[in-house]
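Residue numbers (this note's numbering): 36 to 493.
All C-beta atoms in this analysis are idealised placements derived from N, C-alpha and C, irrespective of residue type, glycine included.
These numbers were taken from a predicted model, which means no experiment stands behind them.
The structure under discussion appears below in the form of structure tokens.
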Amino acid sequence: MQNREKFASRLGFILISAGCAIGLGNVWRFPYITGQYGGAAFVLIYLLFLLILGMPIMVMEFAVGRASQKSAARSFHVLEPRGTKWHFVSYIAIAGNYLLMMFYTTVGGWMLAYMVKMITGEFNGLTPDEVGAVFGGMLAQPGYMTAWMIVTVMIGFFVCSLGLQNGVERITKVMMSSLFVIMIALAVRSVTLEGAAEGLAFYLVPDFGRMFEAGIGEAIYAALGQAFFTLSLGIGALAIFGSYISKDRSLTGEAVSVCALDTTVALLSGLIIFPACFAFGIDAGQGPGLVFVTLPNVFNQMAGGQLWGSLFFLFMSFAALSTVIAVFENIISFGMDLWGWERKKTVVINVVLILILSMPCVLGFNLWSDFAPFGDGSTIQDLEDFIVSNNLLPLGSLLYLLFCTSRYGWGWDNFIKEADAGVGLKFPKAVRFYVSYILPLIILFILIMGYWQKFFAG
């Protein structure tokens, strides 16, 4: 068996883990729900949940990865007590990574396509309705969307084929560094627009009145859900990077760094989006519409808008590709860990597999649009997202949690020993009762509420 590859630097590990966590949800979902539930008041609750919900599970994923020196495909086999069946969790993790890429590659393709549209000036001189029609037109073209999905898949696997240090680490470092520079430039441009102050106040001044108006229960659940889903926990997407790091640093400190970067991107996104939308009197609407319809209209009205729009979609492409590369690295490690395949062989097999698996999502917007799994207007992408976000992420997180705290699993003592190895922040032992008994109930609540909201609410 070949020696396990390692990161060349601690910065590489932190940036790649953050790149995995930083995805499109940070950019369009976080600003929207922040505004909906009272701006800064919501952010405070979100940060609290990130600390008490996301962080412990992230440390546990890292610990399982580092202790086993394997990806999620084999880590439970290595660490589980003899005769137990914890290794079944690996199937959830493997399924989660593949399912996530079945729709994420399509959305990554949209970002690249829009970057090219912006650079070539396709939106120049279009009315708001015509800008909206560009997005609808793109979804109606299966060939066009397939081409961009293929480009996304090829970029991701090409980077992974170069190896951990020479490909994944080196290129992600450049992409993530560029992402932060571009975001800061966009945020500065946005907050200096005439009329931006109102958007800043909306976003940054706590308004608990607006939160109560929207419903305090709903606001708390939204903060809970965002804190949980933003880090891609529960499918071993982060555990793999734990397996690539040395025992020089404690894992809690590293998890704090990753969470801090993830949160910085989410907060900066709001600084880009709210002031710009308010400056031009445009509603910061939800979901894909915000990114693909609202913001191109904002850039159209802005001096130098073509440049700023191109930079925005370059940043969005980096956010999407950083996640794609991180999850592809995970998928490649499954083949290497399970069957001892060489990296290049695993890449070739998975290129074909992911291209085939990504097609239902592409076709769900056009040729297969009659299939509406959740009623009118829903798509295959909604179904795939629901399986991952509302089922596999919470279920996987619950199992990681129980594995690390239960005496029937890997156990608390083994977990603490691994998490605290090295210098840096130690995992607080005082929270043992909370993570063993209360946190599992919170995750169960998220799981049940996800179903309630999908099928029974409203």
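- Comparing alpha carbon positions, the residue from M137, N201, E364 and M210 closest to M184 is M137.
- Leaving aside the five residues that flank F315 on each side, the residues in its chain whose CB is nearer than 6 Å to its CB run, in chain order, V333 and Q336.
- The alpha helix (DSSP H) runs lying completely inside the stretch 80-155 and spanning 4 residues or more are 90-103, 110-114 and 124-154, given in chain order.
- The Cβ atoms of A454 and L286 sit closer than 7 Å to each other.
- Apart from sequence neighbours up to five positions away, the residues of its chain that approach T181 with a beta-carbon distance below 8 Å are M394 and V397, ordered along the chain.
- Closest option to T119, judged by alpha-carbon separation, among E40, A102 and S441: S441.
- Each of L147, V326 and K461 was checked against the Cα of V166, and the nearest Cα belongs to V326.
- Between the alpha carbons of F462 and A108 lies a gap of roughly 26 Å.
- Looking at the DSSP output, V458 sits in a beta bridge with R284.
- Taking the CA atoms as reference points, W445 sits about 19 Å from F276.
- If you ignore the 5 residues before and after M484, its C-beta comes within less than 7 Å of the C-beta of Y256, all in its own chain and listed in chain order.
- Taking all protein chains in view, the Cβ of F490 is surrounded by fewer than 16 other Cβ atoms within 10 Å, so the residue is classified as exposed.
- Here R39 carries a coil assignment [DSSP, helix/strand/coil].
- Around the C-beta of G431, 16 or more other C-beta atoms lie within 10 Å, and the residue is accordingly described as buried.
- Within the same chain, Cβ atoms closer than 6 Å to the Cβ of E40 are found at L199, the five residues on either side in sequence being excluded.
- I57 is a Cβ neighbour of A354, given a cutoff of 7 Å.
- Using a Cβ distance threshold of 7 Å, F369 and I217 do not count as a contacting pair.
- Proximity of the stretch 247-262 to the stretch 338-357 falls short of the contact definition, fewer than three beta-carbon pairs being nearer than 8 Å.
- 7 Å or more divides the Cβ of L273 from the Cβ of E115.
- Between the beta-carbon of M150 and that of F313 there is about 25 Å, and that puts the pair past the 8 Å contact cut.
- K152 sits buried, since 16 or more C-beta atoms from the chains shown fall within 10 Å of its C-beta.
- With a cutoff of 7 Å on beta-carbon distance, S352 and M146 are scored as near each other.
- Secondary structure of D405 (DSSP, three-state): coil.
- Using a Cβ distance threshold of 7 Å, D283 and G457 count as a contacting pair.
- Selection N159, N61 and T329 evaluated against G305 yields N61 as nearest (Cα-Cα).
- In the structure shown, E165 falls within a helical segment according to DSSP collapsed to helix, strand and coil.
- Selection R467, L482 and W487 evaluated against P91 yields R467 as nearest (Cα-Cα).
- Residue environment analysis places G271 among the buried positions, since at least 16 neighbouring C-beta atoms fall within 10 angstroms of its C-beta.
- Within the model, the alpha-carbon separation for V300 versus T265 is close to 11 Å.
- The DSSP assignment places 330-336 and 340-374 as complete runs of the alpha helix (DSSP H) inside the stretch 328-393, in order along the chain (cut-off: 4 residues).
- For the pair I473 and P429, the CB atoms are not nearer than the 7 Å cut-off.
- Shown here, D297 sits in a helix according to DSSP, grouped into three states.
- With a 10 Å radius around the Cβ and a threshold of 16 neighbouring Cβ atoms, V387 comes out exposed.
- Inter-residue distance for V99 and S110 is about 7 Å (C-alpha atoms, whole angstroms).
- In the assembly as shown, Q416 is a buried residue. Its beta-carbon has 16 or more other beta-carbons within 10 Å.
- The C-beta distance from F158 to P310 rounds to 20 Å, too long to meet the 8 Å contact threshold.
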